[in-house]
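Peer 1:
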Amino acid sequence: MTISTSAYAVPNQFVEVDGRRLAYRVIGEGTPLVLCLRFRGIMDDWDPAFLDALAAQRFRVYVFDYSGLGWSTGQPTYDPASLAKDAVDLIGALKLGRVVLGGWSIGGVAAQLVLLQAPQLLSHLLLIATTPPGPLVKTGEPLFYQLAARSNDFEDFVSLFFEPTSASSREAAVRSAERIARRSEGRCTPVPYAWAAQSLGDGPRNPMFPVQVALDALKQTQTPVLHLGGDHDIVFPVENWYALNRTLPTLHLVTLPSSGHGPQLQYPVASAAHIAAFVAG
36 MTISTSAYAV PNQFVEVDGR RLAYRVIGEG TPLVLCLRFR GIMDDWDPAF LDALAAQRFR
96 VYVFDYSGLG WSTGQPTYDP ASLAKDAVDL IGALKLGRVV LGGWSIGGVA AQLVLLQAPQ
156 LLSHLLLIAT TPPGPLVKTG EPLFYQLAAR SNDFEDFVSL FFEPTSASSR EAAVRSAERI
216 ARRSEGRCTP VPYAWAAQSL GDGPRNPMFP VQVALDALKQ TQTPVLHLGG DHDIVFPVEN
276 WYALNRTLPT LHLVTLPSSG HGPQLQYPVA SAAHIAAFVA G
């Protein structure tokens, strides 16, 4: 297996599993960490600075494209159960054993379903800017549904993943966008926004993740869980995780200031350090 410590140059790799080809990349050496993507995400949407910072913390980081999206083949869908199956199949096909499983946004929903369905695969559960199961104390903002259903420019990128009212957050958005755009070889095909929008609905729902057994699993698990969020997430407000304090026995909460739905984009090195401390703990 080819492994690089630079997310900018790491090659695309492929594994055939259950009638489809899953595309993935590997960065670094160490504890296996598998990351599930956000809505409309492809492997190129991970900030290379975040992936390289994780590698520097002695993780072997796996990123991949969901079935039928990016470089992967198969039937595309945003059904979280199918996204979870992609993660389980990748872990099994690559014989990774127990992993730290992470997920950003809808990828965090998929990761929670893996915890429910195959807890033996996880040593730790890492959730980035996602929603818990069950009723919410605060729903997302309608703005997300407008932005997620159209082709996005830089201002949309800022509104989605950063804090538009903060000068420092805007500066971080410029740097992150430049890093994400830097890769030239083997870039993935973008997810068609018109197709993706069909799975969104018209606006926020409550609950967003209506799977009671998933909430029950989080209440009973011995697997350490970390939620890393921004203090102004227009998609999945972090307040919903704080409402579960003292309800979820292994929940760790880290909230980063003046940030949005992509805290690891704004704070790549700090995010990796928080994750490393969580796993080490």
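For what it's worth, my numbering labels the leading residue of the sequence shown as 36, then goes sequentially.
In this text, a Cβ means the ideal position worked out from N, Cα and C, and glycines have one as well.
Assuming the contact rule is C-beta atoms closer than 8 Å, Pro245 and His287 should be a hit. Round their C-beta distance to whole Å, please.
Peer 2: Not a contact, Cβ separation roughly 24 Å.
Peer 1: Spatial neighbours of Asp191 within its chain, please: C-beta separation below 8 Å, excluding the five flanking residues on both sides.
Peer 2: Leu182, Arg185
Peer 1: Between which residues of its own chain and Ala232 is the CB-CB distance below 6 Å, once the five residues before and five after are set aside?
Peer 2: Ala184
Peer 1: State the Cα-Cα distance for the pair Met36 and Val50, rounded to the nearest angstrom.
Peer 2: Caution applies to Met36, whose pLDDT of 43 falls short of 50 and renders its modelled position unreliable; the value that the coordinates give is listed next. Taking the straight line joining both Cα atoms gives about 11 Å.
Peer 1: Helix, strand or coil: how does DSSP classify Ile141 here?
Peer 2: helix
Peer 1: Determine the burial state of Asn3: buried for a count of at least 16 other Cβ atoms within 10 Å of its Cβ, exposed for fewer.
Peer 2: Given that the chain is displayed from residue 36 to residue 316, the structure contains no residue 3 and the question cannot be resolved.
Peer 1: For Asn187, which residues in the same chain have their Cβ closer than 8 Å to its Cβ, ignoring the five residues on either side in sequence?
Peer 2: Leu195, Tyr228
Peer 1: So, at 6 Å on beta carbons, what are the nonlocal neighbours of Ala84 in its own chain, with the 5 sequence-adjacent residues on each side left out?
Peer 2: Result list for Ala84: Arg214, Pro303, in chain order.
Peer 1: Confirm, please, whether the CB-CB distance from Val123 to Val149 is below 8 Å.
Peer 2: With respect to Val123, Val149 sits close: the two C-beta atoms are nearer than 8 Å.
Peer 1: Considering only residues of the segment 111–142, which uninterrupted beta strand (DSSP E) runs meet the minimum length of 3 residues and lie entirely inside it, listed in chain order?
Peer 2: 134–139
Peer 1: Leaving aside the five residues before and after Ala312 along the sequence, list all residues of the same chain whose C-beta is less than 6 Å from its C-beta, in chain order.
Peer 2: none
Peer 1: Suppose the cutoff is 7 Å on Cβ atoms and the five residues either side in sequence are ignored; what does the same chain contact list for Leu283 look like?
Peer 2: Leu253, Lys254, Val260
Peer 1: Which whole runs of the beta strand (DSSP E) in the segment 139–205 are 3 residues long or more, in chain order?
Peer 2: 157–163
Peer 1: Please report the distance separating the alpha-carbon of Pro272 from that of Asp266.
Peer 2: 8 Å
Peer 1: Tell me whether Phe271 sits in a helix, a strand or coil according to DSSP, three-state version.
Peer 2: coil
Peer 1: Where does Glu198 land, buried or exposed, given buried means 16+ other C-beta within 10 angstroms?
Peer 2: Counting C-beta atoms within 10 angstroms of its own C-beta, Glu198 has 16 or more neighbours from the protein chains shown and is therefore classed as buried.
Peer 1: So, are the CB atoms of Val314 and Val96 less than 8 Å apart?
Peer 2: No, they are not a contact pair.
Peer 1: What is the DSSP secondary structure of Thr51, counted as helix, strand or coil?
Peer 2: Before going further, note that residue 51 is Glu rather than Thr in the sequence given. Three-state DSSP puts Glu51 in a strand.
Peer 1: Quick one: what's got a C-beta closer than 6 Å to Tyr113's C-beta in the same chain, skipping five residues either side?
Peer 2: Ser234
Peer 1: Indicate the three-state DSSP secondary structure (helix, strand or coil) for Ile77 in the structure shown.
Peer 2: coil
Peer 1: Does the beta-carbon distance from Gly105 to Thr224 come in below 8 Å?
Peer 2: yes
Peer 1: Below 7 Å CB to CB, which residues in the same chain sit around Ala145 once its five sequence neighbours on both sides are set aside?
Peer 2: Cys71, Pro115, Leu118, Ala119, Ala122, Gly138
Peer 1: Leaving aside the five residues before and after Asp237 along the sequence, list all residues of the same chain whose C-beta is less than 8 Å from its C-beta, in chain order.
Peer 2: Spatial neighbours of Asp237 in its own chain (CB-CB distance under 8 Å, excluding positions within 5 residues in sequence) are listed in chain order as Tyr180.
Peer 1: Taking all protein chains shown into account, do 16 or more other C-beta atoms lie within 10 angstroms of the C-beta of Thr166, making it buried, or fewer, making it exposed?
Peer 2: Buried, since its Cβ has 16 or more Cβ neighbours within 10 Å.
Peer 1: Classify Phe85 as helix, strand or coil using the three-state DSSP reduction.
Peer 2: Reduced to three states, the DSSP call for Phe85 is helix.
Peer 1: Starting from the C-beta of Thr285, find all residues in its chain whose C-beta is less than 7 Å away, skip the five residues before and the five after it, and write them out in chain order.
Peer 2: Residues Thr256, Gln257, Thr258, Pro259, Val260 of the same chain have their beta carbon placed closer than 7 Å to that of Thr285, with the five preceding and five following residues left out of the count.
Peer 1: Identify every run of the alpha helix (DSSP H) within the segment 229–269, keeping only runs that are complete inside it and at least 4 residues long; order them along the chain.
Peer 2: Within the segment 229–269, the complete alpha helix (DSSP H) runs of at least 4 residues are 247–255.
Peer 1: Candidates Gly316, Thr290, Arg56, Lys130: which alpha carbon is nearest Ala164's?
Peer 2: Thr290
Peer 1: With the cut-off set at 8 Å, would you say Glu274 and Lys130 are in Cβ contact?
Peer 2: The beta carbons of Glu274 and Lys130 sit no closer together than 8 Å.
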